[in-house]
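Colleague: If you read the sequence shown in the working numbering, its first letter stands for residue 24, the second for the next number, and so on. Beta carbons: idealized from backbone N, C-alpha and C, even for Gly. Computed from a predicted model, the values in this text were never measured in an experiment.
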Amino acid sequence: METQVFIPFRPSPPHNHGGGVTQRNMSDPKERFFRYFQAEITAIQSQIDDLATISPVGGERQDCIDTVLAGISRLSNEVMDAGDYIPAYDQRTYSQAMKALTDKLNEATAKFAPKSRFQFKSKSSKPASTSEPQVDSRVRPSFSNIGSKHSPVPDAAERDAEESAASSAKRYNEELEQQSGVRRPSFSNAKNIAIYDHSGLHIMLPSTASRATSSGSLTNLERCVVDMTAPTSAGTPFAGLALKNIKQSLIIAGHVAGPVHITGLQNSIVVVAARQVRIHECKDVDVYLHCASHPIIEDCAGMRFAPLPELYATKLEIKGENQWDQIDDFKWLKSEPSPNWTILPEDKRIPEDIWKNSVCGGPSLSTDDILRKVGILGDRS
24 METQVFIPFR PSPPHNHGGG VTQRNMSDPK ERFFRYFQAE ITAIQSQIDD LATISPVGGE
84 RQDCIDTVLA GISRLSNEVM DAGDYIPAYD QRTYSQAMKA LTDKLNEATA KFAPKSRFQF
144 KSKSSKPAST SEPQVDSRVR PSFSNIGSKH SPVPDAAERD AEESAASSAK RYNEELEQQS
204 GVRRPSFSNA KNIAIYDHSG LHIMLPSTAS RATSSGSLTN LERCVVDMTA PTSAGTPFAG
264 LALKNIKQSL IIAGHVAGPV HITGLQNSIV VVAARQVRIH ECKDVDVYLH CASHPIIEDC
324 AGMRFAPLPE LYATKLEIKG ENQWDQIDDF KWLKSEPSPN WTILPEDKRI PEDIWKNSVC
384 GGPSLSTDDI LRKVGILGDR S
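Have a look at this one:
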């Protein structure tokens, strides 16, 4: 059974002038940080638990390890940054939770990297010898020995497998450029789905791509329509999904069993059902969402949220709790509502007939036609 990192406390409650404990206020920075920390540490734990299921070929597993390391480092830095309003006792407990998380990562990586002498060192570990890899100077000193990107040198067979996987991903993306009309890449020989560096394409993944949903990523897209509903609807959701650097595009991301990371999107629409959603550095993005937890935004502006269209929802999602409108903006700690997001008014939402008849793409509709139908090309209203 996988070990879990628990936070065995609630943040120290504020007191009123009479010495009594006041009722908890969710605008209180300590309470908001506690909720944020819980969500982040749970997400990182899930990523660690998923490492053993991810193929080492093509650098997939190492990429995931790097993501976990970056998450631990970032969260550790945020614990220190929160020292201005978190009591010393609470901060020590947060730091202990971070150490436990680092130990959990060490245990997980040791299982599938037995030949490596290197381990991710926690804060309480002895100083590294001069022969050990040098720590990235960008990581704060107090947590600088949390991790490294170094990994065992693969043997010849593993290198061949990695090169084959990388070649396969490159081939699928090259084929997308060479085709015409609606692109339907099978990804039948892939372990995951990676679509990148495209402009003006309409891409619809067929159900045959369901074998490649261990993870998904869409990167560097502009004026594209991407629909990943089919391979993720028949009991094979993505384990995790990353959307990055996308402009003027409609992304129907399908279903995700774990976290979705949305970074650097502009003037786009995202449709997704996920357990967790974290949105960073996005501007003027509409999100049609089903989320089992509070969505998190950070460094965003002009975000609008609406519930997942019924056309894309499963029966479980229709019956289950949807926290699509319970947004936490962790760069906005004031008691007033965040100006960075709002609910998309019902009369501004895309009608069902557009989803059914236009987004699927008829023979007479180009990619730009669809983007105009959903309001991406033209004035945002």
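(1) Among 55, 125, 114, which has the Cα closest to the Cα of residue 71?
(2) Which runs of the alpha helix (DSSP H) spanning at least 4 residues fall entirely within the stretch 227 to 261, listed in chain order?
(3) Can you tell me whether residue 345 is helix, strand or coil according to DSSP?
(4) For residue 300, which of 374, 279, 367 has the nearest alpha-carbon?
(5) Determine the extent of the beta strand (DSSP E) in which residue 299 is found, giving its start and end residues.
(6) Check residue 141 in the structure and name its three-state DSSP category.
(7) Is it true that the stretch 218 to 228 meets the stretch 374 to 393, where meeting means three or more beta-carbon pairs spaced less than 8 Å apart?
(8) Name the one or two DSSP bridge partners that residue 328 has.
(9) Out of curiosity, what's the CA-to-CA distance linking residue 117 and residue 102?
(10) What three-state label does DSSP hand residue 62 in the structure shown?
(11) Given a threshold of 16 other Cβ atoms within 10 Å of its Cβ, counted over all protein chains shown, does residue 164 qualify as buried or as exposed?
(12) Per DSSP, residue 206 is paired with what?
(13) How many angstroms separate the CA atom of residue 304 from the CA atom of residue 368?
(14) For the beta strand (DSSP E) containing residue 379, list its first residue and its last residue.
(15) Our contact map puts residue 69 next to residue 281 with C-beta atoms below 8 Å; I'd like the distance itself, whole angstroms only.
(16) Apply the 10 Å Cβ neighbour rule to residue 135 and answer buried if 16 or more other Cβ atoms are within range, or exposed otherwise.
(17) So, are the CB atoms of residue 315 and residue 346 less than 8 Å apart?
(18) By the DSSP assignment, the alpha helix (DSSP H) with residue 130 in it spans what residues?
(19) Is there contact here, the stretch 237 to 252 with the stretch 265 to 277, by at least three beta-carbon pairs under 8 Å?
(20) Which one or two residues does DSSP pair with residue 216 in a beta bridge?
(21) What residue from 321, 298, 395, 322 has the CA that sits closest to residue 312's CA?
(22) If residue 287 sits next to residue 267, beta carbons under 8 Å apart, how far is it from one beta carbon to the other, in whole angstroms?
(23) Pop quiz: residue 97 and residue 356 are said to be a contact at Cβ under 8 Å. What is the actual Cβ separation, rounded to whole angstroms?
(24) Exposed or buried, what is residue 335 when buried is set at 16 or more other beta-carbons lying within 10 Å of its beta-carbon?
(25) Shortest alpha-carbon distance to residue 363 belongs to which of 343, 309, 242, 372?
(26) Going along the chain, which residues of its own chain have a beta-carbon closer than 8 Å to the beta-carbon of residue 161, five neighbours each way excluded?
(27) Kindly indicate the opening and closing residues of the alpha helix (DSSP H) around residue 265.
(28) Between the Cα of residue 78 and those of 218, 262, 60, spot the shortest distance and give me the residue it belongs to.
(29) Hey, residue 62 and residue 317: beta-carbon distance below 8 Å or not?
(30) Identify the continuous beta strand (DSSP E) that holds residue 321 and give its terminal residues.
(31) Less than 7 Å separating the Cβ of residue 208 from some heavy atom of the ligand SAH?
(32) Could you compute how far the alpha carbon of residue 381 sits from the alpha carbon of residue 372?
Modeller: Per the coordinate set shown:
(1) Scanning 55, 125, 114 for the CA closest to the CA of residue 71 turns up 125.
(2) 252 to 256
(3) Residue state, collapsed to three classes: coil.
(4) 279
(5) 273 to 303
(6) In this prediction, residue 141 scores a pLDDT of 48, lower than 50, which makes its location untrustworthy; the coordinate-derived value is nonetheless stated afterwards. Coil.
(7) yes
(8) BP columns for residue 328 point to 310, 366.
(9) 7 Å
(10) helix
(11) Any reading at residue 164 needs caution, since the residue's pLDDT is 35, under 50, leaving its predicted position unreliable; the model's value is listed next. Exposed: under 16 other Cβ atoms inside 10 Å.
(12) 226
(13) 23 Å
(14) Per DSSP, residue 379 belongs to no beta strand (DSSP E) and is neither H nor E.
(15) 6 Å
(16) Answer is exposed; the Cβ neighbour count stays below 16.
(17) yes
(18) 111 to 135
(19) With contact defined as three or more Cβ pairs closer than 8 Å, the stretch 237 to 252 and the stretch 265 to 277 are in contact.
(20) 239
(21) Of the candidates 321, 298, 395, 322, the one whose C-alpha sits nearest the C-alpha of residue 312 is 298.
(22) That belief holds up - the Cβ atoms of residue 287 and residue 267 are roughly 6 Å apart, short of 8 Å.
(23) That pair is no contact at about 18 Å.
(24) Looking at its Cβ environment, which holds 16 or more other Cβ atoms inside 10 Å, residue 335 is buried.
(25) 309
(26) Because the pLDDT at residue 161 is just 34, under 50, the model does not fix this residue reliably, and the point stays unresolved.
(27) Taken as a continuous stretch (DSSP letters only), residue 265 belongs to no alpha helix (DSSP H), being part of the beta strand (DSSP E) at 264 to 270.
(28) 262
(29) Annotated as proximal: residue 62 and residue 317, with beta-carbon spacing under 8 Å.
(30) 319 to 321
(31) Ligands displayed in this structure: none; no statement on the ligand SAH is therefore possible.
(32) 15 Å
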